[in-house]
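Each remark here refers to the structure printed beneath this line.
Protein chains in written order, with this note's numbering: chain A, 148 to 742; chain B, -8 to 78.
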């Protein structure tokens, strides 16, 4: 069966599965719409959280990032897993005990202030929309590459599907579709990895295969390091970022993860405080299955790419610089032709010999440039996009067509599950926090549910529009979403739980300062709506911290301002202090409720 | 609710546990970066150790931290009688 048809069938089947699950688990009350009725088993919630959390970026881009940055890329791997420790021990159990529907609701109640609640809604909407635009774009791209339809068609199909189950099913619907999506995406990620680990190292477990040996008995990582270094690249197992910057980025990603509203609300859906703790652990188990596979996928895919274009990259070794070693462009395999059409792979015959020389021409060490010149190389001729490492991985390794089709379904599952989670927190913030909480306190449950559905529908449209017509900053959304969550919501929630005396003046000014500073810094260097005001280079950075890591400084400012202001203003009322004491004790937790 | 001495003791134990686990979290997250090059000279399971710590070691330690937290908190809840009733 040809690849395109097979891909249509497998992706189509996965859609039938999601729709079936959504119909089975549709929501009938606000409790079901916002928190899935509060009766989700902690393991099930862990799996749903994993799918909710792992976006198109985790699925498609992370292995490629690690493949080319070496373990400098693993700041993402660490930052995105370490956040779950913060969630489990600092936030999830207490917020579950609080037992309400949304993150702004906690902030509004804890700080006895509608203003605080509205500021939190603003933070939430900004974080979630920037994030969801990237997801919709991801859906469109996967569709267009694998199913050969244009991005718009892919986008509309994805929107329709998310619309169907997020609007109909609410939190209950997306919880169970996310479980199905997790299963699809994890198989799609690990099956090719197992095949490739077997091919290269003879060990079916990619995590162990990465530390295994190639046919000649040489350790695989040593082999890969030798090859890439000989071709002028940095060793796979090395890193090149400055220490302070790694520190800041890692911290911002961790605290940002813990402060992302669509992740936090998942912990409102379990029955007990106890379950919220263990559920965070389960989420990390399910995430770690993919994340520990990623470095292996990155390393082996990179090895395979080199082996494809240079015949001297074999277990026994050979002369990488010999003329015959470089692949003849005319003899390139089918997958290279296919990916050239997408623009993710580019060949330019700089020395006109009809062969592909793939190496690092930015390497200026004398010995290396001399060897490259002696071999008649006139510059690197192959440009490989990071994302290929996962998307083309099965094709590069010559795996059967159904595996390639499965990867397409997995990429779509990763993007859809995250998009649905984000759209739901946006709709809850509008119908529950703004409408019921601020503007129409006496709205009936039925009308609130309708408003939630309408808000979700509008949010899908806006997300689709942003995905179709990205405002030029989709690439920067990670810096934005994580930095803002880290600097605004995370410290404010944390202080709300661990400081009994933090008052509303402190919390509001802290949030605004954290948000404003981080937003301003990113704008200053990245220039989202305006031209950047300074070049985004280390020499210009504050303390040498890049915009990706500045959320850490924002978080510190937030806490300092909050503490100072709260000392200078009226103390926190007694009944609020009692509420905080109550949050700290598990006994008496009920189902999540609205009052 | 009224806060008893028992509640205070529970919260103190909780804070001690949380802070110790966060200290461990900090240690594995931020310290190996400084010694990565030196660690890479040691081979572990066929990996240069520094690389292993980043690629697989830290996520596993994170899991361990959460596991310890869940078990220890369940015991604390029971010991101080503040756990949730079975429904």
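Even for Gly, the Cβ is constructed at its ideal location relative to N, Cα and C.
Can you check whether the C-beta of residue 53 (chain B) is within less than 7 Å of a C-beta belonging to chain A?
yes
Nearest-angstrom Cα separation, counted from residue 205 (chain A) out to residue 506 (chain A)
27 Å
Helix, strand or coil, according to DSSP, for residue 531 (chain A) in the structure here?
strand
Between which two residues does the alpha helix (DSSP H) harbouring residue 151 (chain A) extend?
150 to 171
Could you name the residues of chain A that residue 79 (chain B) contacts, counting a contact when the two beta carbons are closer than 7 Å?
As shown, chain B starts at -8 and ends at 78. That puts residue 79 (chain B) outside it, with no answer to give.
Within the same chain, show all residues whose beta-carbon is closer than 6 Å to that of residue 495 (chain A), passing over the 5 residues directly before and after it, in chain order.
528
Sequence-distant residues of the same chain with beta carbon closer than 6 Å to residue 740 (chain A), five excluded per side:
Reliability of the predicted coordinates at residue 740 (chain A) is poor, the pLDDT of 48 falling under 50, and the value obtained from them is presented with this limitation in mind. Within the same chain, residue 740 (chain A) has no close Cβ partners at all.
Using a Cβ-Cβ cut-off of less than 9 Å, give me the residues of the segment 392 to 415 of chain A that come near chain B, in sequence order.
393, 394, 397, 398, 401
To the nearest angstrom, how far is the alpha carbon of residue 32 (chain B) from that of residue 38 (chain B)?
10 Å
Evaluate residue 469 (chain A) with the Cβ neighbour count: other Cβ atoms within 10 Å of its Cβ, from every protein chain shown; 16 or more gives buried, anything less gives exposed.
exposed
Using a Cβ-Cβ cutoff of less than 6 Å, which residues in the same chain neighbour residue 349 (chain A) once the five nearest sequence positions on both sides are dropped?
none
Under a Cβ-count criterion, where at least 16 other Cβ atoms within 10 Å of its own Cβ denotes burial, should residue 248 (chain A) be classed as buried or exposed?
buried
Residue ranges of each beta strand (DSSP E) within the segment 507 to 568 of chain A, 3 or longer:
529 to 531
Using beta carbons (cut-off 7 Å, strictly below), is residue 20 (chain B) in contact with chain A?
yes
When A:439, A:701, A:596 are compared against residue 354 (chain A), the one with the closest alpha-carbon:
A:439
Any non-hydrogen atom of the ligand NAD closer than 6 Å to residue 536 (chain A) Cβ:
In the structure on display, the ligand NAD does not appear, and there are no ligands present to speak of.
What are the residues in the segment 563 to 584 of chain A lying within 7 Å of chain B by C-beta distance?
none
Alpha carbon to alpha carbon, how far is residue 410 (chain A) from residue 167 (chain A)? Give it in angstroms, no decimals.
24 Å
Report the residues of the segment 720 to 737 of chain A with a CB closer than 7 Å to any CB of chain B, ordered along the chain.
725, 728, 729, 731, 732, 733, 734, 736
Looking only at its chain, what residues have a beta carbon closer than 8 Å to the beta carbon of residue 366 (chain A), apart from the 5 residues adjacent to it on each side?
358, 359, 360
Nearest-angstrom Cα distance between residue 703 (chain A) and residue 0 (chain B)?
29 Å
From what residue to what residue does the alpha helix (DSSP H) around residue 139 (chain A) run?
Since the first residue shown for chain A is 148 and the last is 742, residue 139 (chain A) is missing from the structure and cannot be characterised.
If you follow the beta strand (DSSP E) that residue 493 (chain A) is part of, which residue opens it and which one closes it?
492 to 494
Mapping the DSSP letters down to three states, classify residue 38 (chain B) as helix, strand or coil.
strand
Could you pull out every residue in the same chain whose Cβ sits closer than 6 Å to the Cβ of residue 622 (chain A), ignoring the five residues on either side in sequence?
Because the pLDDT at residue 622 (chain A) is just 47, under 50, the model does not fix this residue reliably, and the value given afterwards should be weighed accordingly. Nothing listed; no residue qualifies.
Which value, in whole angstroms, describes the spacing of the CA atoms of residue 22 (chain B) and residue 483 (chain A)?
41 Å
Is DSSP giving residue 503 (chain A) helix, strand or coil here?
strand
Buried/exposed call for residue 287 (chain A), threshold 16 Cβ in 10 Å
buried
The segment -5 to 10 of chain B in contact with the segment 257 to 274 of chain A per 3-pair CB rule at 8 Å:
no
Report the rounded CA-to-CA distance for residue 758 (chain A) versus residue 236 (chain A), giving the unit in angstroms.
There is no way to answer for residue 758 (chain A), as the model of chain A reaches only from 148 to 742.
Helix, strand or coil for residue 474 (chain A) per DSSP?
strand
According to DSSP, is residue 694 (chain A) helix, strand or coil?
coil
Whose C-beta lies closer than 7 Å to the C-beta of residue 665 (chain A) among residues of the same chain, with five residues either side of it excluded?
630, 631, 634, 697, 698, 701
Mind pulling the chain A residues with CB within less than 9 Å of residue 49 (chain B)?
221, 224, 225, 228, 229
Please confirm if residue 241 (chain A) has its CB atom under 7 Å from at least one CB of chain B.
no
Residue 366 (chain A) - partner residues in DSSP beta bridges
A:360
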